[in-house]
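Asks: Please find one structure pasted underneath; my questions will follow.
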């Protein structure tokens, strides 16, 4: 395998956290006197950071009011409904055993991402976990990717990004990284293909095969 570094998105790629995310958005909407969103609405809103998700669900004019409500409930409950996706630990361990460094590149808040990965036992398998608030940037801004590559002492030409959404594809293209999509999160295989993804795995167990053949 030509890759020395593999970057992973987090939500929908390495972990399933949608129950907790939905619960916190529902709590926020109730506190604002609004009807609870459906899971489908929440899935469609996430990916570009919490402020954008709140704007999409609650209205841009209510983000300042909604954000502290969401974050208080999130900090209190985020570990209640989170699990590693099937094959996540095995894939990270296999890469580590092969001398390939793995990292997380996510628009979830970095502090939350690190706490969650530690809770799930994924932390020791990762060289770094980078998220919102760690830099001024979010995916797909190439400055975020460049920062992460520098921190991991990695090169773009030997790095592949694994993710479940068009945001991840845009991130890879902006940073000139190889990309493998996984249909384990917010987007289906047809949706990922329509967005322009060329290599699409249906599960994390398939990702290794794609990495070897790219």
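Numbering (my numbering), first residue to last: 3 to 216. Backbone N, C-alpha and C define an ideal beta-carbon position, used for all residues, glycine too. No experiment lies behind these values; they were computed from the predicted model shown.
1. Pull up the DSSP beta-bridge partners for residue 198, would you.
2. Quick test of your reading: residue 90 and residue 124, contact by CB under 8 Å. State the CB separation rounded to the nearest angstrom.
3. Would residue 186 pass as a contact of residue 205 if the rule is Cβ separation under 9 Å?
4. Could you check which residue in 47, 190, 88, 66 has the C-alpha nearest to that of residue 109?
5. Could you check whether residue 178 and residue 159 sit closer than 9 Å to each other, using their CB atoms as the reference points?
6. Checking the sheet assignment: what are the DSSP bridge partners for residue 104?
7. DSSP on residue 161, reduced to helix/strand/coil?
8. Using DSSP with H/G/I as helix, E/B as strand and the rest coil, what is residue 65?
9. What residue range does the alpha helix (DSSP H) around residue 115 cover?
10. In terms of alpha-carbon separation, which member of 133, 56, 32 lies closest to residue 45?
11. Quick one, are the C-beta atoms of residue 210 and residue 183 less than 9 Å apart?
12. Tell me whether residue 125 sits in a helix, a strand or coil according to DSSP, three-state version.
13. Tell me, which residues are paired with residue 130 by DSSP?
14. For residue 85, does the three-state DSSP call read helix, strand or coil?
15. Whose C-beta lies closer than 6 Å to the C-beta of residue 85 among residues of the same chain, with five residues either side of it excluded?
16. Taking only the alpha-carbon atoms, compute the straight-line gap between residue 107 and residue 64 and give it to the nearest angstrom.
17. Roughly how many angstroms lie between the CA atoms of residue 191 and residue 152, to the nearest whole one?
18. With C-beta atoms as the reference, is residue 170 less than 9 Å away from residue 141?
19. Compare the beta carbon distance of residue 150 and residue 101 with 9 Å and say whether it is the shorter of the two.
20. Measure the C-alpha to C-alpha separation of residue 180 and residue 134 and round it to an integer number of angstroms.
21. Taking residue 44 as part of the beta strand (DSSP E), name the residues at either end of that continuous run.
22. Indicate whether residue 1 and residue 216 have their beta-carbon atoms separated by less than 9 Å.
Replies: From the atom records:
1. Beta-bridge pairing links residue 198 to no other residue.
2. 7 Å
3. Yes, the Cβ-Cβ distance between residue 186 and residue 205 is below 9 Å.
4. 47
5. yes
6. 8
7. Residue state, collapsed to three classes: strand.
8. Correct three-state label for residue 65: helix.
9. 112 to 121
10. 56
11. no
12. helix
13. 105, per the DSSP bridge assignment.
14. strand
15. 18
16. 28 Å
17. 32 Å
18. Against a cut-off of 9 Å, the Cβ pair of residue 141 and residue 170 comes out as a contact.
19. no
20. 22 Å
21. Premise fails: residue 44 lies in the alpha helix (DSSP H), 41 to 47, not in any beta strand (DSSP E).
22. Because the chain in this structure spans residues 3 to 216, residue 1 falls outside the shown range and cannot be described.
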